[in-house]
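So the protein sequences, as listed, match chains A and B.
Residues 899 to 1136, numbered by our numbering, are exactly what the first sequence covers, in order.
Residues 899 to 1136, numbered by our numbering, are exactly what the second sequence covers, in order.
Here's the structure we're looking at; comments come further down.
Number of protein chains: 2
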Amino acid sequence: MTGINGYIRMSEIESFFKSAFSVDNVIFGFDGSDLKVLLIQRGAAPFKGKWALPGDLVYPNENLDTAAERVLEQLTGLRDVYLEQVKAFGAVNRHPLGRVITIAYYSLIKISDFLVTPASFAQSASWHAVSEVGELAFDHNEILDTCLKSLKRKVRRAPVGFELLPPKFTLTELQQLYEAILDDKLDKRNFRKKILSMNLLLDLNELQEGVAHRPAKLYQFDRDTYEAFVAKGFSFDL
Amino acid sequence: MTGINGYIRMSEIESFFKSAFSVDNVIFGFDGSDLKVLLIQRGAAPFKGKWALPGDLVYPNENLDTAAERVLEQLTGLRDVYLEQVKAFGAVNRHPLGRVITIAYYSLIKISDFLVTPASFAQSASWHAVSEVGELAFDHNEILDTCLKSLKRKVRRAPVGFELLPPKFTLTELQQLYEAILDDKLDKRNFRKKILSMNLLLDLNELQEGVAHRPAKLYQFDRDTYEAFVAKGFSFDL
């Protein structure tokens, strides 16, 4: 087998058409204190009983994005959720059944939107704190790490939170989200000064209700500013 | 074929192992005025005679990054060049010979380093101004556009130029590189003020030689600052 770009002889080409590919979804959520990831427990070999990222082989007539959306919907019942392709993982021996490359996607969702759909395999799905994830099936630890790094880079370059926080939130909740993603404590005064200077938040002139401590002010994202920052990017030097 | 994550029956799994995958490299260069991309003219079907991105099917026992490096080396003779994976493209009908998904990489190289290696297929390779690329084979226009967008985002978030400019360069040359990538005119005074304030450049206390106009000062990148910015990112609001 020699050559490149069509110089391979047709008689040799069949040996290349023996691979499969899959999608794997890294679905992040936030419960108010921890950054979490949705994992499933495998019910069949290979890696039976191991925790794994939700994923599946891509059907021969299915586009990649469609496959990632299908896996997410089968697992959570959620449609029209933002999924971003992060990277293809294709180490030769990453799958025991043959050559399978996988395309990793990540997604941010509100944990409260997550519904177990009893008819699906999702009974075995559950949220795990990212910091406490153990050994996963396949190369899924590597995939999770890559997506987590991508998310950490993202929070410094574009706003996040819209997909992860409730519609109304306090500055403390927003800071906790950033701290959970960055796995780092942030200076409260500095964080507030920076985030408020961006005109990213609308002060709702409302206070929290039903809390034991002194109620804090509630904010929501200014959708226009938020989307402008997503498109343009910024540097949030935390 | 039902199920997910190993719930597919083994008797059905063979139907998934009928795909191939390839790598395609978007190799950008800069000739002092235009941003260019290295294309090859296809010598065999499909798309015989059409210009295309250099790429190849991945061998069954070859890792993805290795395949991308192999294609680049076969084409240019260059090794140890930075290649970044950008995206997997997997539309169902993107390849006439069967289901082939391709993983796109991009690379930045100095055009002067490019050597046609006569023993390879590279005789048919040449540099094309990105702004003048016509219809390419397969979905290669989409792949080129995606990599170009990625490069445009990159220049706003991290320094570029180290891989594209000669070791010593003038501020005008650096500005021309940015203008070529962004496909936009930049204000000279504003550009210089911003780039000099970053401590990214070392003033060599040398002037250009052998130029007809008044010789300009020569600079080189401060490697430490450059790499710190690459790692940390910045917002270069041009």
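Where a beta carbon is used, it is the ideal one built from N, C-alpha and C, also for glycine.
- Task: Output yes if chain B places a C-beta closer than 8 angstroms to the C-beta of F915(A); else output no.
- Result: Residue numbering aside, residue 915(A) sits at position 17 when the first sequence is read from its first letter. Chain B contact via Cβ: present.
- Buried or exposed (CB count within 10 angstroms, at least 16 for buried), L1075(B): The residue you call residue 1075(B) lines up with position 177 of the second sequence. Its Cβ being crowded by 16 or more others within 10 Å, L1075(B) is buried.
- Secondary structure at E1107(B), three-state DSSP: helix, strand or coil? Sequence index remark: in the second sequence, residue 1107(B) carries index 209 (1-based). DSSP places E1107(B) in coil when its eight states are reduced to three.
- Task: With 7 angstroms as the limit, tell me which residues of the region 961–973 of chain A have their beta carbon closer than that to any beta carbon of chain B; keep them in chain order.
- Result: N961, L962, V969 and Q972
- Item | Sequence-distant residues of its chain with Cβ nearer than 8 angstroms to Q983(B) (five each side left out) | Taking the first residue of the second sequence as position 1, residue 983(B) is located at position 85. Scanning its chain for C-beta atoms nearer than 8 angstroms, with the 5 sequence neighbours on each side dropped, one finds around Q983(B) the residues L962, D963, A966, I1001, A1002 and Y1003, in chain order.
- Contacting residues, own chain, Cβ-Cβ under 8 angstroms from K948(B) (five flanking each side not counted): Sequence index remark: in the second sequence, residue 948(B) carries index 50 (1-based). Result list for K948(B): Q939, R940, E1033, L1034 and A1035, in chain order.
- Task: Would you kindly work out how many angstroms separate the C-alpha atoms of D1081(A) and K1047(A), rounded to a whole number?
- Result: As a working mapping, residue 1081(A) is identified with position 183 in the first sequence. As a working mapping, residue 1047(A) is identified with position 149 in the first sequence. So the alpha carbons of these two residues sit roughly 11 angstroms apart.
- Item | 8 angstroms contact criterion, which F1127(A) and A1023(A) should meet: CB distance rounded | Position 229 of the first sequence, counting from 1, holds the residue named residue 1127(A). Position 125 of the first sequence, counting from 1, holds the residue named residue 1023(A). Contact between F1127(A) and A1023(A) does not hold, since their C-beta atoms are separated by about 32 angstroms, which reaches or exceeds 8 angstroms.
- Three-state secondary structure (DSSP) of L955(A): On the first sequence, position 57 is the one that residue 955(A) refers to. DSSP places L955(A) in strand when its eight states are reduced to three.
- Task: List the residues of chain B that F919(A) touches, going by C-beta distances under 8 angstroms, in chain order.
- Result: Residue 919(A) sits at position 21 when you count from the first residue of the first sequence. The contacting residues are S917, F919, G988 and I999.
- Message: Using DSSP's beta-bridge definition, name the partner residues of Q983(B).
- Response: Indexing the second sequence from 1 puts residue 983(B) at position 85. In the DSSP output, where bridge partners are listed per residue, Q983(B) has Y1003(B).
- Query: Which one or two residues does DSSP pair with Q1118(A) in a beta bridge?
  - Reply: Taking the first sequence and counting its residues from 1, one reaches residue 1118(A) at position 220. Here Q1118(A) is bridged, per DSSP, to L1100(A).
- In terms of alpha-carbon separation, which member of V1109(B), R1121(B) and L933(B) lies closest to V924(B)? Counting from one through the second sequence, the residue named residue 924(B) turns up at place 26. When only C-alpha atoms are compared, the closest one is L933(B).
- Under the three-state DSSP convention, the category A898(A) falls into: For residue 898(A) there is no data in the structure shown, the boundaries of chain A being 899 and 1136.
- Query: So, T1070(B) versus N1097(B), is the Cβ gap smaller than 8 angstroms?
  - Reply: Sequence index remark: in the second sequence, residue 1070(B) carries index 172 (1-based). Sequence index remark: in the second sequence, residue 1097(B) carries index 199 (1-based). Taking 8 angstroms as the Cβ cut-off, T1070(B) and N1097(B) do not qualify as a contacting pair.
- Note the first and the last residue of the continuous alpha helix (DSSP H) segment covering V1053(B). Indexing the second sequence from 1 puts residue 1053(B) at position 155. Where V1053(B) is concerned, the enclosing alpha helix (DSSP H) stretches over H1038 to R1055.
- Query: What's the gap between the Cα of A943(B) and the Cα of Q1118(A)?
  - Reply: Within the second sequence, numbered from 1, the residue matching residue 943(B) stands at position 45. Within the first sequence, numbered from 1, the residue matching residue 1118(A) stands at position 220. Looking at the two C-alpha atoms, the distance is approximately 56 angstroms.
- Query: Roughly how many whole angstroms lie between the Cα atoms of K1008(A) and G988(A)?
  - Reply: Walking along the first sequence from the start, residue 1008(A) turns up at place 110. Walking along the first sequence from the start, residue 988(A) turns up at place 90. Using only the alpha carbons, I get a separation of about 30 angstroms.
- Other residues of its chain near D1120(B): CB distance less than 8 angstroms, five sequence neighbours each side excluded: The count along the second sequence starts at 1 and reaches residue 1120(B) at position 222. Excluding residues within five positions, the ones whose Cβ falls inside 8 angstroms are N1097, L1098, L1099 and L1100.
- Between L1042(B) and the rest of its own chain, which residues show a CB-CB distance below 8 angstroms, the 5 nearest in sequence each way excluded? In the second sequence, counting from the first residue as 1, residue 1042(B) sits at position 144. So the qualifying residues of the chain are V924, V935, L951, V1028, V1031 and L1034.
- Answer yes or no: does any C-beta atom of chain A fall closer than 8 angstroms to that of L933(B)? Residue numbering aside, residue 933(B) sits at position 35 when the second sequence is read from its first letter. So, not an interface residue.
- Task: Could you name the residues of chain B that R1121(A) contacts, counting a contact when the two beta carbons are closer than 9 angstroms?
- Result: For the purposes of this step, residue 1121(A) is taken as the residue at position 223 of the first sequence. Chain B residues near R1121(A): none, gap ~21 angstroms exceeds 9 angstroms.
- Query: Does any CB atom of chain B fall closer than 8 angstroms to the CB of K985(A)?
  - Reply: Here residue 985(A) corresponds to residue number 87 of the first sequence, with the count starting at 1. Yes, because at least one Cβ of chain B sits closer than 8 angstroms to the Cβ of K985(A).
- Buried or exposed for A1129(B), please, with buried defined as at least 16 other CB atoms from any protein chain shown within 10 angstroms of its CB. Position 231 of the second sequence holds residue 1129(B). Classification for A1129(B): exposed.
- Take the Cβ of H1111(A) as the centre, count every other Cβ of all protein chains shown within 10 Å, and call the residue buried at 16 or more, exposed below. Translated into positions along the first sequence, residue 1111(A) becomes position 213. Classification of H1111(A): exposed, given that the 10 Å Cβ count is below 16.
- Whose C-alpha, out of K1092(A), E912(A) and F928(A), is nearest the C-alpha of L1062(A)? Counting from 1 along the first sequence, the entry for residue 1062(A) is found at position 164. Minimum Cα distance to L1062(A) is reached at F928(A).
- Item | Boundaries of the beta strand (DSSP E) in which V924(B) is found, first to last residue | Working through the second sequence from its first residue, we reach residue 924(B) at position 26. Per DSSP, V924(B) belongs to the beta strand (DSSP E) from A918 to F928.
- T1054(B): contacting residues in chain A (beta-carbon distance under 8 angstroms): Residue 1054(B) sits at position 156 when you count from the first residue of the second sequence. For the record, residue 1054(B) in the displayed sequence is Arg; it is not Thr. Correct list: G1131.
- Item | Interface residues of chain A facing I1007(B) [CB-CB closer than 8 angstroms] | In the second sequence, the residue the question calls residue 1007(B) occupies position 109. The premise fails here: I1007(B) is roughly 18 angstroms from chain A at the closest Cβ pair, so nothing lies under 8 angstroms.
- Message: Assuming the contact rule is C-beta atoms closer than 8 angstroms, K916(A) and R992(A) should be a hit. Round their C-beta distance to whole Å, please.
- Response: The sequence position of residue 916(A) within the first sequence is 18, counting from 1. The sequence position of residue 992(A) within the first sequence is 94, counting from 1. Not confirmed; about 15 angstroms, so no contact.
- Per DSSP, cross-strand counterpart(s) of Q939(B): Start at 1 with the first residue of the second sequence, and residue 939(B) comes out as number 41. According to DSSP, which records beta bridges pairwise, Q939(B) is partnered with W949(B).
- Message: So for L1034(B), helix, strand or coil by DSSP?
- Response: Taking the first residue of the second sequence as 1, we reach residue 1034(B) at position 136. In the structure shown, L1034(B) sits in coil (DSSP, three-state: anything other than H, G, I, E or B).
- Item | Which residues DSSP lists as bridging K934(B), in chain order | As a working note, residue 934(B) is residue 36 in the second sequence. Beta-bridge pairing links K934(B) to G927(B) and A1027(B).
- Task: Would you list the one or two residues that DSSP bridges to V998(B)?
- Result: Along the second sequence, one-based indexing puts residue 998(B) at 100. In the DSSP output, where bridge partners are listed per residue, V998(B) has A918(B).
- Under a CB-based cut-off of 8 angstroms, is G947(B) close to chain A? Looking up residue 947(B) in the second sequence gives position 49. So, not an interface residue.
- Please determine, among S931(A), F914(A), S920(A) and A918(A), the residue with the shortest C-alpha to C-alpha distance to Q1073(A). Locating residue 1073(A) in the first sequence gives position 175, where the first residue counts as 1. That would be S931(A), whose Cα lies nearest to the Cα of Q1073(A).
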